[in-house]
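>
There are 2 protein chains.
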Amino acid sequence: MPAGSALRFEIQAEDTNTQARCGVVHTAHGTFETPAFFPVATQATVKGILPELVRSVGTQGLLVNSYHLALRPGAEVVAAQGGLHRFMSWPHPLITDSGGFQVFSLGSLVRVSDDAVLFRSHLDGTLIEWSPEHAVRTQQQLGADIIMALDECPPANAPRDVIATAVRRTTAWARRSKHAHRRDDQAIFGIVQGGIYPDLRERSAREITELDFPGYAIGGLSVGESHDEMVQMLDVTAPLLPHERLRYLMGVGEPRDVLEAVARGVDLFDCVLPTRNGRNGQAWTWGGVVRIRNSEHRCSELPLDPTCDCTVCRRFSRAYLRHLFMAGEMLGPILLSLHNLRFFAVFMARIREAIRRGTFARFHQSMTASPLLSKA
Amino acid sequence: MPAGSALRFEIQAEDTNTQARCGVVHTAHGTFETPAFFPVATQATVKGILPELVRSVGTQGLLVNSYHLALRPGAEVVAAQGGLHRFMSWPHPLITDSGGFQVFSLGSLVRVSDDAVLFRSHLDGTLIEWSPEHAVRTQQQLGADIIMALDECPPANAPRDVIATAVRRTTAWARRSKHAHRRDDQAIFGIVQGGIYPDLRERSAREITELDFPGYAIGGLSVGESHDEMVQMLDVTAPLLPHERLRYLMGVGEPRDVLEAVARGVDLFDCVLPTRNGRNGQAWTWGGVVRIRNSEHRCSELPLDPTCDCTVCRRFSRAYLRHLFMAGEMLGPILLSLHNLRFFAVFMARIREAIRRGTFARFHQSMTASPLLSKA
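Following this line, the structure appears as structure tokens:
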């Protein structure tokens, strides 16, 4: 990694039929290959799974939520423990979000002003002011490799004037976030907002890229809009982001959304889907989604996916996995989460391989026709 | 293993100052060293922990509850999957209990007669008749290496006439259980009852050993009596069990109880303590019990036990473990359970080593004076 640069993104292959590209990202805690999918470790843990196991299924990096850790145990506690990597025993790439999304969705909002968001903690009602400077300070204490500027993220169905205000604030907050940032072993990314309004997306992309961040996130998607609306916004936004910088689509994880975004030049994703849906008894397989509670699996000796190489598919039958879910045993959610993590790791590896081989368009087409891409 | 014998117990060393002995047990699924502690996998899973991890911390074998599996998913489902070892991916020694204890403690009792126990399932109210023959049939379908004759297990404070009836029934049921047993790759053990009445313990031990089982359990302890009462009953019962046969103290796991029982010639234990207490935030360490929720651990960089070699102690601070518990994260209970399993495995290994070296009396004494043996 060049001196003074916390993140280096190297594009290694580009698809000729789409905007898809693959490459490698160098961070202070190792590298990851793109397009990459980062599972979510909300409270500094992938729910129920030891970090060695998370890594062993091919997980390249994780996203941790600043809001949750700032409230409990406190960013200063994590800092005193040597930072997030050491605290959670994950010496690999980490992203923290700015807390903005959770402040708006979990906190009890008191007031949003150009200055900051004032909200009450969902845990104990404490009044907290979350400013761009506070978001950056918190993320510096946590110490992830990629951190995010504070943005305002309204729901997809918010009126145009609300979205326009969010775009204006997001730009102002991005400027302040960048100004507040000090740690040169972290890269801070700007976030583009704009809801489902092409002109607001364009304005946001222009304003945010003018601030010259080492990477850019497309925010405000996967917040209630349709798949087609998401794809349209990617069509508008992605080409406006600098070609040589990392592009990160926040909160997106449905395989069909990932595939369309990769085709439009997105490099990085994070999502709770593999673990959240795993906990609810849903497994992704190359033959389509398996709902393990279904009675058809009661006596099934089959693994979740006969083509999968994960420890779950090599050792356990659907009958056993169903038993765990019916009996309310923790191991059920754990095993389905673990399998899903492996599935997503393999899915991304196949995407990268197809881009490198120049067969991404064909892969995209074959996936679009497969049961895999049905909505979870 | 000699032909026709499902279990071979080889005593390798005997302590000269106490009745403690150590040895090795050969089963159809490998060997284990005694004195041995088997954690409990109630519903065919050690709660929250992959079997490879359970094994990796030195766990020699597990106990599974027949009652739970008979009710859900059904013993026939497990049999159709190739039996319990394969179902739960544990190719090592397994014990199943007879279901008796759970029938009495969890089921809604309808009628106990000399013939059988009639009860309603705690899951759906189904009326179930649990006879000695049914208990054996169920355990044959499950396929554990050591299975148990059905016994009647009243609480410690039950009146003498209730205990006397239980002793009489337990003998009759042991005879019927042995008669019903067909699988020559399983060993069936008889169980001694008798509550806290020395004469009833003697009578039960005499009657059960006359039936000539390959191993004997001491039942009806750890059901509400005091530590001293338990020790007195071991003093009465253990010497009446044949020296060359395995002695199994069911449901006992407090380190101080284990130590006193070993000193009186007990070879095998099972208990939920390491996992249940781990889930509740309690860790055993050589410096005494750690209650991880205590605020003193909020910023502690120490591992649970600086002398422990487990993956939890090598990777995670008390501050992180406390955070997981305070945040209600599954990984907290999982990590404390895993550490406790390692603690119990090492505790038993040290007991065996002391017996082999002829230093058990000294080990016993040093433990009795240590913070470890304070009641959990």
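First to last, the protein sequences are chains A and B. Numbering (the working numbering) for the first sequence: 7 to 382. Numbering (the working numbering) for the second sequence: 7 to 382. Just so it is clear, CB atoms sit at the ideal spot from N, CA and C, and this is done for glycine as well. Predicted model only: the values in this text are computed from it and were never measured.
Quick check on Leu68 of chain A: does DSSP put it in helix, strand or coil?
Counting from one through the first sequence, the residue named residue 68 of chain A turns up at place 62. Of the three classes helix, strand and coil, the one that applies to Leu68 of chain A here is strand, per DSSP.
> Can you list the residues of chain A that Gly36 of chain B reaches, using a CB-CB cut of under 9 Å?
Against the second sequence, residue 36 of chain B aligns to sequence position 30. The premise fails here: Gly36 of chain B is roughly 17 Å from chain A at the closest Cβ pair, so nothing lies under 9 Å.
> How close, in whole Å, do the beta carbons of Leu246 of chain B and Ala223 of chain B come, if the pair is a contact with beta carbons under 8 Å?
Within the second sequence, residue 246 of chain B is the residue found at index 240, counting from 1. Within the second sequence, residue 223 of chain B is the residue found at index 217, counting from 1. Between Ala223 of chain B and Leu246 of chain B the Cβ distance is about 13 Å, and since that is not below 8 Å, they are no contact.
> Helix, strand or coil for His91 of chain B per DSSP?
By one-based count along the second sequence, residue 91 of chain B stands at place 85. His91 of chain B falls in the helix class under three-state DSSP.
> May I ask you to verify whether the region 359 to 372 of chain B touches the region 270 to 278 of chain B, counting CB pairs closer than 8 Å and requiring at least 3?
Because the criterion of three Cβ pairs below 8 Å is not met, the region 359 to 372 of chain B and the region 270 to 278 of chain B do not touch.
> Across which residues does DSSP place Phe15 of chain A in a beta bridge pair?
Stepping through the first sequence from its first residue, residue 15 of chain A is reached at position 9. Beta-bridge pairing links Phe15 of chain A to A:Val31.
> Enumerate in chain order the residues of its own chain whose CB-to-CB distance from Arg328 of chain B is below 7 Å, with the five nearest sequence positions on each side excluded.
As a working mapping, residue 328 of chain B is identified with position 322 in the second sequence. Taken in chain order, the residues that qualify are Ile298, Arg299, His303 and Arg304.
> If I'm right that Pro72 of chain A touches Asp157 of chain A with Cβ under 8 Å, what's the distance once you round it to whole angstroms?
The residue you call residue 72 of chain A lines up with position 66 of the first sequence. The residue you call residue 157 of chain A lines up with position 151 of the first sequence. Reading the sequence as shown, one finds Ser at residue 72 of chain A and not Pro. Rounded, the Cβ-Cβ distance is 13 Å, inconsistent with contact.
> Under a Cβ-count criterion, where at least 16 other Cβ atoms within 10 Å of its own Cβ denotes burial, should Pro165 of chain A be classed as buried or exposed?
In the first sequence, residue 165 of chain A corresponds to position 159, counting from 1. Exposed, since its Cβ has fewer than 16 Cβ neighbours within 10 Å.
> Using Cβ-Cβ distances below 7 Å, what residues of the region 321 to 333 of chain A are close to chain B?
Listed by position, the residues of the region 321 to 333 of chain A near chain B (Cβ gap below 7 Å) are Arg321, Phe322, Ser323, Ala325, Tyr326, His329, Leu330, Met332 and Ala333.
> What are the boundary residues of the alpha helix (DSSP H) that includes Ser111 of chain B?
Your numbering for residue 111 of chain B matches position 105 in the second sequence. Element bounds for Ser111 of chain B: Gly106 to Ser111.
> Specify the secondary structure class of Gln288 of chain B as computed by DSSP and reduced to three states.
The residue labelled residue 288 of chain B in the question sits at position 282 within the second sequence. In the structure shown, Gln288 of chain B sits in a strand (DSSP, three-state: E or B).
> Could you round the C-beta distance between His187 of chain B and Val142 of chain B to whole angstroms and report it? I think they count as a contact, below 8 Å.
The sequence position of residue 187 of chain B within the second sequence is 181, counting from 1. The sequence position of residue 142 of chain B within the second sequence is 136, counting from 1. Rounded, the Cβ-Cβ distance is 5 Å, consistent with contact.
> Can you list the residues of chain A that Arg78 of chain B reaches, using a CB-CB cut of under 8 Å?
Position 72 of the second sequence, counted from the first residue, corresponds to residue 78 of chain B. Neighbours of Arg78 of chain B on chain A, chain order: His329, Met332 and Ala333.
> Would you list the residues sitting across from Val198 of chain B in a DSSP beta bridge?
Locating residue 198 of chain B in the second sequence gives position 192, where the first residue counts as 1. BP columns for Val198 of chain B point to B:Ile224.
> Please look up how many angstroms separate the CB atoms of Leu310 of chain A and Thr291 of chain A, rounded, as I've assumed it's under 8 Å.
The count along the first sequence starts at 1 and reaches residue 310 of chain A at position 304. The count along the first sequence starts at 1 and reaches residue 291 of chain A at position 285. Yes, they are in contact, since the Cβ atoms of Leu310 of chain A and Thr291 of chain A sit about 6 Å apart, within 8 Å.
> Counting only the same chain and skipping the five closest in sequence on each side, list residues whose C-beta sits under 7 Å from that of Pro57 of chain A.
For the purposes of this step, residue 57 of chain A is identified with residue 51 of the first sequence, where counting begins at 1. Met94, Ser95 and Trp96, listed in sequence order.
> Using a Cβ cut-off of 7 Å, which residues of the region 67 to 101 of chain B contact any Cβ in chain A, in chain order?
If the cut-off is 7 Å between Cβ atoms, the region 67 to 101 of chain B has Arg78, Pro79, Val83, Ala86, Gln87, Phe93, Met94 and Ser95 near chain A.
> For Thr24 of chain B versus Ala269 of chain B, is the C-beta distance shorter than 7 Å?
Taking the first residue of the second sequence as position 1, residue 24 of chain B is located at position 18. Taking the first residue of the second sequence as position 1, residue 269 of chain B is located at position 263. Taking 7 Å as the Cβ cut-off, Thr24 of chain B and Ala269 of chain B qualify as a contacting pair.
> Which one of A:Val295, A:Leu347 and A:Leu330 has the shortest CA to CA distance from Asp315 of chain A?
Locating residue 315 of chain A in the first sequence gives position 309, counting from the first residue. Answer by Cα proximity: A:Leu347.
> Tell me, which residues are paired with Ile153 of chain B by DSSP?
Within the second sequence, the letter at position 147 stands for residue 153 of chain B. Answer by DSSP bridge pairing, in chain order: B:Ile194.
> Do you know offhand how far Gly10 of chain A's Cα is from Ala155 of chain A's?
Taking the first sequence and counting its residues from 1, the one referred to as residue 10 of chain A is at position 4. Taking the first sequence and counting its residues from 1, the one referred to as residue 155 of chain A is at position 149. Model confidence at Gly10 of chain A stands at a pLDDT of 48, short of 50, so the residue's coordinates are unreliable; what they give is reported in the following sentence. Their Cα atoms are separated by approximately 19 Å.
> In whole angstroms, what separates the C-alpha of Asp205 of chain A from that of Val229 of chain A?
Sequence index remark: in the first sequence, residue 205 of chain A carries index 199 (1-based). Sequence index remark: in the first sequence, residue 229 of chain A carries index 223 (1-based). Looking at the two C-alpha atoms, the distance is approximately 19 Å.
> Taking C-beta to C-beta, are Ala193 of chain A and Ala76 of chain A nearer than 7 Å?
Within the first sequence, the letter at position 187 stands for residue 193 of chain A. Within the first sequence, the letter at position 70 stands for residue 76 of chain A. Cβ distance not < 7 Å, so Ala193 of chain A and Ala76 of chain A don't count as in contact.
> Straight-line CA distance for Pro339 of chain A to Ala367 of chain A?
Your numbering for residue 339 of chain A matches position 333 in the first sequence. Your numbering for residue 367 of chain A matches position 361 in the first sequence. One C-alpha to the other measures close to 34 Å.
> Hey, would you say Ala351 of chain A sits closer than 7 Å to Val63 of chain A, going by beta carbons?
Here residue 351 of chain A corresponds to residue number 345 of the first sequence, with the count starting at 1. Here residue 63 of chain A corresponds to residue number 57 of the first sequence, with the count starting at 1. Yes.
> Starting from Thr317 of chain B, trace the alpha helix (DSSP H) in both directions and tell me its first and last residue.
Residue mapping note: residue 317 of chain B aligns to position 311 of the second sequence, counting from 1. From DSSP, the alpha helix (DSSP H) with Thr317 of chain B extends over Thr317 to Arg321.
> Assuming Leu148 of chain A contacts Ala81 of chain A under a Cβ cut-off of 8 Å, what Cβ separation, rounded to an integer in Å, is found between them?
Your numbering for residue 148 of chain A matches position 142 in the first sequence. Your numbering for residue 81 of chain A matches position 75 in the first sequence. At roughly 6 Å, the Cβ-Cβ gap stays under 8 Å, so Leu148 of chain A and Ala81 of chain A are in contact.
> Considering only the alpha carbon of each residue, which of A:Ser137, A:Gln145 and A:Tyr203 lies closest to Asp167 of chain A?
Residue numbering aside, residue 167 of chain A sits at position 161 when the first sequence is read from its first letter. For the residues A:Ser137, A:Gln145 and A:Tyr203, the minimum Cα distance to Asp167 of chain A belongs to A:Tyr203.
> For Phe38 of chain B, which beta-bridge partners are listed by DSSP?
Working through the second sequence from its first residue, we reach residue 38 of chain B at position 32. DSSP output for Phe38 of chain B lists B:Val31 as bridge partner(s).
> Among B:Ser119, B:Glu260, B:Thr177 and B:Tyr254, which one has its Cα closest to the Cα of Leu217 of chain B?
On the second sequence, position 211 is the one that residue 217 of chain B refers to. Answer by Cα proximity: B:Thr177.
> Who are the neighbours of Met336 of chain A on chain B, taking C-beta pairs under 7 Å?
Start at 1 with the first residue of the first sequence, and residue 336 of chain A comes out as number 330. Within chain B, the residues near Met336 of chain A are Lys53, Gly54 and Met336.
> Closer than 7 Å, CB to CB, is Cys305 of chain B near chain A or not?
If you number the second sequence from 1, residue 305 of chain B lands on position 299. True, the Cβ-Cβ gap to chain A drops below 7 Å.
> From the beta carbon of Gln145 of chain A, is the nearest beta carbon of chain B less than 7 Å away?
On the first sequence, residue 145 of chain A is found 139 positions in, with the first residue counted as 1. By this cut-off, Gln145 of chain A is not an interface position.
> Where do the ends of the alpha helix (DSSP H) carrying Ile169 of chain B lie?
In the second sequence, residue 169 of chain B corresponds to position 163, counting from 1. Looking at the DSSP string, the run of the alpha helix (DSSP H) that includes Ile169 of chain B is Arg166 to Ala186.
> So, is His370 of chain B buried or exposed, given that buried needs 16 or more other C-beta atoms within 10 angstroms?
As a working note, residue 370 of chain B is residue 364 in the second sequence. His370 of chain B comes out buried.
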